[in-house]
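Protein chains in written order, with my numbering: chain U, 37 to 164; chain Y, 37 to 164.
Note that the Cβ used here is the ideal one computed from N, Cα and C, for glycine as well.
These numbers come from a predicted model, not from an experiment.
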DNA sequence: CTCCAACCTGGAGCGCGCTCCAGGTCAAGC
DNA sequence: GCTTGACCTGGAGCGCGCTCCAGGTTGGAG
């Protein structure tokens, strides 16, 4: 169950070894266990955090904010309200991001349709 | 109609003055007109390009690729197939991007629901 | 004619999120 | 015991897309 070598944690999380070390260095992952010889051992819990980080990164949250969230979680139960709020604000930004992406995707599709309606073509828009 | 001062072009396109100059410098915008004294004058056509660049940037196209597209357009009518293909490939990447974003947004929403079902809270997931 | 805000240039600098490197240590298999 | 590949550290470097700066020019308003 618990106890993954760095390479295994990397494989499972999709982050590179360097990124895992980096995340620990900057305090995103804290208290990663070590063998007697000093090599990292990742737990299922660490993997859970990594899945969350992947979600937040993929939705465009800056690392500084993920760090803040992680710190709040470490600070204990009394920070749940603030964590909830942080995630809600982020979700709102993601929604805006999705709307923008959809809108620009529609523009792009229209541009593509322009090319697909070009068999003979009378010259017009230079922005071809 | 045609003929906008740099500040006006910036206002209309949403790009900064520095970015407009940068885009010209790297060859995204080519042949921007100048006054006798050397100051830029942007045309409606330039503005059209900027709208397109905004679309492509917002959907995550790297600048190198936008440059390639712009170059193809400058090369003439015989590049329409390649331009079409380029946009189609990009559109496919955008679709993938939208799916990922939606998936991770759903995860995020679930996480938020977790906090909203926490009135008393039995401790469980550390990834709080 | 004067003023001053807007503009020009070339080039350095920045913020982000990693990524790579050198030089050394650890540990599983033979 | 030895080999070898995975791992360790601190710190430098990178790629992207701007952004800022110094020092000088332009051009419309008054």
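query                                                                                                                                       : result
Residue burial classification, residue 126 of chain U (beta-carbon count within 10 angstroms, cutoff 16)                                    : buried
Which residues DSSP lists as bridging residue 40 of chain Y, in chain order                                                                 : Y/78
Cutoff 9 Å: residue 50 of chain Y Cβ touching any chain U Cβ                                                                                : no
Residue burial classification, residue 43 of chain Y (beta-carbon count within 10 angstroms, cutoff 16)                                     : exposed
Beta-carbon contacts of residue 66 of chain Y that lie in its chain and below 6 Å, excluding the five residues immediately before and after : none
Residues near residue 102 of chain U by beta carbon distance below 7 Å, same chain, minus five either side                                  : 64, 89 and 92
9 Å Cβ cutoff met for residue 137 of chain Y and residue 77 of chain U                                                                      : no
Residue 70 of chain U, DSSP secondary structure in three states                                                                             : strand
Reference residue 86 of chain U, options U/114, U/47, U/134 and U/133, closest by Cα                                                        : U/47
Below-9 Å beta-carbon distance, residue 64 of chain Y vs any chain U residue                                                                : no
Residue 132 of chain Y: first and last residue of the uninterrupted alpha helix (DSSP H) it sits in                                         : 116–152
Local conformation of residue 55 of chain Y per DSSP, three classes                                                                         : helix
Residue 103 of chain U at chain Y interface by Cβ criterion, 9 Å                                                                            : no
Partners in chain Y for residue 145 of chain U, counting only beta-carbon separations shorter than 7 Å                                      : 127
Distance CB(residue 41 of chain U)-CB(residue 75 of chain U) smaller than 9 Å                                                               : yes
Cutoff 8 Å; reference residue 62 of chain U; Cβ partners in own chain excluding five residues on either side                                : 99 and 103
Cβ-Cβ distance between residue 144 of chain Y and residue 122 of chain U below 9 Å                                                          : no
Residue-level contact to chain U via CB, residue 40 of chain Y, 9 Å cutoff                                                                  : no
Nearest residue (CA-CA) to residue 71 of chain Y, options Y/154, Y/139 and Y/39                                                             : Y/39
Inter-residue spacing [alpha-carbon to alpha-carbon] between residue 132 of chain U and residue 114 of chain U                              : 30 Å
Chain Y residues whose Cβ lies nearer than 8 Å to that of residue 94 of chain U                                                             : 136, 137 and 140
C-beta contact flag for residue 134 of chain Y and residue 97 of chain U at 9 Å                                                             : no
Beta-carbon spacing of residue 151 of chain U, residue 120 of chain Y below 9 Å                                                             : yes
Neighbour flag for residue 152 of chain U against chain Y, beta carbons, 9 Å                                                                : yes
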